[in-house]
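Undergrad:
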Amino acid sequence: MEPLIAVLIGVLFATGIYSLLRRSIVKLVIGVVLISQAANLLVYTSGSLLAGRPALVQSGATVPDAPFGDPLPQAMVLTAIVIGFGLTAFLLALVCRAHEAVGDDDINAFDNTDT
Amino acid sequence: MLLAGARSLAVQRIGGVFFSIATFVASLYLVFVVDQVDYLVTQLGQWAAPFGITMVADRFSAVMVAVSSFMGAAVAIYALSEIDEARLRKFFFPLYLVLLLGVNGAFLTGDLFNMFVWFEVMLIASFVLMSMGGEKGELEGGLKYVCLNLLSSALFLAGAGIIYGKIGTLNMADIAQQLAMTDNADWAISSSMLLLVSFGLKAGIFPFFFWLPASYHTPPSAVSAVFAGLLTKVGVYALFRTYTLMFVPIFSEVQTIILWLAILTMVTGVLGAASHFDMRRILSFHIVSQIGYMILGLAFMTPLALAASIFYLVHHIIVKTNLFLVSGVVIRLKGSCDLAKVGGLCNSAPWLAFLFFIPAFSLGGIPPLSGFWAKFALVKSGLEIGSWWPVAIALLVGVLTLFSMTKIWAEAFWKKEPESAALVNVPKPVGPLFYMVMPIAVLAVCTVLIGIFGEPLFAFSERAADQLLNPQAYISAVLPNSVEVSP
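These protein sequence lines map, in sequence, to chains A and B. Following my numbering, the numbering of the first sequence begins with 595 at its first residue and continues without gaps. Following my numbering, the numbering of the second sequence begins with 409 at its first residue and continues without gaps.
Printed below as a string of structure tokens:
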């Protein structure tokens, strides 16, 4: 399972970077989203993927039976997804407003503040 | 809490100023306590480290919290007279306090993932503050800023994920301990590089600085002042924390990279500043250049160099915030801070000229102002370890800094006011000028005081640097049951 996910993460990063390098701002947003999802998956995978091994403590024991699925990366990814969701919503709104102000989808038109 | 009062603008204003001053007072107490006890550790929710989230204050983070809260209070007062009603209606002060919360949280956390969360708190507030006005320039600058920072957050997450996957902990003290114990820490280089790029993007080091001069001059001066003073420094702080604590075992392999990044940052920043004619753009490029000096201290990694960097950070936060505030007053008086359009301020506002003079020449490193001692200590530490080239470049950059500061001085203050200068763009004053000048004057007095009576602060920086170079004490403070690791 892990090799498959690893390839998937790589593909996500690559597509994300490819989209970032396009000239349209919408594709820029898509690229940012893809890269942050790839990072989320990476953290998720870091907790090792195990099916059917919940981190439940048997009665009388103090630690769960090994091997167990580590719940911490899932909690962290959940945090990261929520944060990413909020930021993406804000980014989309910002793109919308910026598109109204500049009147173009081409990043090359966004050079008024460039140095 | 302030959201409830946001309908009444007076409540928002009073609350914003009151809470930022209260934070400053509390942070002074923190510095005082930390200087007595070395480390102040809180385990949130009573979960023992390394399982829960740990907040740690050592001298370095305490002094950063104090200085940034000081800036927070000063800029809050300044904002009373600059932020117009439309922005207040969009919750300017609540967002401003959230920004300060994120900054202070990032300084105090002892947990890598928690640091990521504080970064996001800080970023989301800064995104809104930056693009709040909805003008074209603000939206464009904001878009670049948001995209780059989201990217850097994703890289941060990836770096943290690799660390967790390898050693199963995110507590920074625990990471340091585990890394020191493993024989094969080569994988940590990839993680440390991801974090270097991520923090470098936030700090604005070469070659990741390009978003900074493209966006910092667009929002109101109060906002760009607090961004300039604080946000990049959080990146610098994070770099210091990771490389003096977590990645000590592999630091020798990345030292050369950091050294060259620091040099290139200094040089490109100052060259950009020398080529521009807008006051706030020049100042933005100076941030980049000055960040290079701080990273240079990290690259030297000697007690004196780290102390110099900490001193530099304190000095730079005060001075740079102040310069942006001055540029805001220039805009208020003249309607622009394009050097081609303004002039004659020396005659029309001699007090402002004087208040600009102090931070500007402190930044350039003229004795006896604070910038001189910061640069002096850094150069001395470089000479002690025989790094002639970096020191020579640092001195050259200092000269160029002075050159671009005199450019602002000559154009905005000395030269006669240009004939074509039409005062059409002068913004409608929001509040009395006194609220804008008072923080500037206080910060300028601080700069002079640090310059003349800098000894206690420098001694404090040295003690803070000693702490940074002794990560074992940090680890023992956070993890009471930790085993002693021989380096």
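Heads up, the beta-carbon is just placed ideally off N, CA and C, and yes, glycines get one too.
Would you mind stating whether B:P621 and B:E546 have Cβ atoms separated by less than 8 Å?
TA: no
Undergrad: Just confirm the distance between the C-beta atoms of B:G859 and B:G806, as a whole number of angstroms; I'd bet it's less than 8 Å.
TA: Wrong, their Cβ atoms sit about 16 Å apart, outside the cutoff.
Undergrad: With a threshold of 6 Å on Cβ separation, who are the neighbours of A:D659 within its own chain once the five nearest residues in sequence on each side are excluded?
TA: none
Undergrad: Given a cut-off of 8 Å on the beta-carbon distance, is the pair A:I603 and A:L643 in contact?
TA: no
Undergrad: Apply the 10 Å Cβ neighbour rule to A:P648 and answer buried if 16 or more other Cβ atoms are within range, or exposed otherwise.
TA: exposed
Undergrad: With H, G and I counted as helix, E and B as strand and the rest as coil, what does DSSP make of B:V734?
TA: helix
Undergrad: Between which two residues does the alpha helix (DSSP H) containing A:V637 stretch?
TA: I619 to S640
Undergrad: What is the DSSP secondary structure of B:T626, reduced to helix, strand or coil?
TA: coil
Undergrad: In chain A, what lies closer than 7 Å to B:A562 by C-beta?
TA: Simply I629, S630 and A633.
Undergrad: Only counting the same chain, and skipping five residues up and downstream in sequence, which positions put a Cβ closer than 6 Å to that of B:T809?
TA: V678 and G772
Undergrad: When we look at the beta-carbon of B:T673 and count the other beta-carbons within 10 Å, is it buried (16 or more) or exposed?
TA: It counts as buried.
Undergrad: What separation, rounded to the nearest whole angstrom, lies between the Cα atoms of A:T609 and A:V626?
TA: 10 Å
Undergrad: Taking beta-carbon pairs under 7 Å, can you tell me which members of the stretch 651-675 of chain A lie near chain B?
TA: Of all residues in the stretch 651-675 of chain A, P667, M670, T673 and A674 have a Cβ within less than 7 Å of some Cβ in chain B.
Undergrad: In whole angstroms, what separates the C-alpha of B:L731 from that of A:A687?
TA: 32 Å
Undergrad: Can you confirm whether A:A649, when its beta carbon is compared against all beta carbons of chain B, has any partner nearer than 8 Å?
TA: No, its Cβ sits nowhere closer than 8 Å to a Cβ of chain B.
Undergrad: Using a Cβ-Cβ cut-off of 8 Å, state whether A:V605 counts as contacting chain B.
TA: no
Undergrad: Beta carbon of B:V554, beta carbon of B:F535: below 8 Å?
TA: yes
Undergrad: Can you give me the C-alpha to C-alpha distance between B:R689 and B:Y720, rounded to a whole angstrom?
TA: 21 Å
Undergrad: Which residues share a DSSP beta bridge with B:N557?
TA: In DSSP, B:N557 forms no bridge with anything.
Undergrad: Should B:A630 go down as buried or exposed, given a rule of 16 or more other Cβ atoms within 10 Å for buried?
TA: buried
Undergrad: In chain order, what residues of the same chain lie with their CB nearer than 6 Å to the CB of B:S606, ignoring the 5 residues before and after it?
TA: S560, L563 and F564
Undergrad: Would you list, in chain order, the members of the stretch 521-549 of chain B that have their beta-carbon closer than 8 Å to a beta-carbon of chain A?
TA: F521, F524, V525, E528, L531, I532, F535, V536, S539, G542, E543, K544, G545, L547, E548 and G549
Undergrad: Taking 8 Å as the CB-CB limit, is B:C555 close to chain A?
TA: yes
Undergrad: DSSP has B:M463 in a bridge; who is on the other side?
TA: In the DSSP output, where bridge partners are listed per residue, B:M463 has B:T450 and B:T517.
Undergrad: Applying the 10 Å Cβ sphere with the 16-neighbour rule, what's the burial state of B:I699?
TA: Buried, because 16 or more other Cβ atoms sit within 10 Å of the Cβ of B:I699.
Undergrad: Locate the alpha helix (DSSP H) running through A:D705, then write down its first and last residues.
TA: Taken as a continuous stretch (DSSP letters only), A:D705 belongs to no alpha helix (DSSP H), as it is neither H nor E.
Undergrad: Along chain D, in chain order, which residues have C-beta atoms closer than 7 Å to that of A:A695?
TA: Here chain D cannot be found, since the structure's protein chains are A and B.
Undergrad: Give me the DSSP bridge partner(s) of B:D746.
TA: B:D686
Undergrad: Distance, Cα to Cα, B:F515 vs B:A646?
TA: 8 Å
Undergrad: Counting only beta-carbon separations shorter than 8 Å, does A:S613 have a partner in chain B?
TA: no
Undergrad: Does B:G612 have its Cβ less than 8 Å from a Cβ in chain A?
TA: Not closer than 8 Å to any Cβ of chain A, the Cβ of B:G612 fails to qualify, so no.
Undergrad: For B:N512, which of helix, strand or coil comes out of DSSP?
TA: helix
Undergrad: Between the stretch 478-490 of chain B and chain A, which residues of the former have CB atoms less than 9 Å from a CB of the latter, in chain order?
TA: Along the stretch 478-490 of chain B, none of the residues has a CB nearer than 9 Å to a CB of chain A.
Undergrad: By the DSSP assignment, the alpha helix (DSSP H) with B:R871 in it spans what residues?
TA: From DSSP, the alpha helix (DSSP H) with B:R871 extends over E863 to L876.
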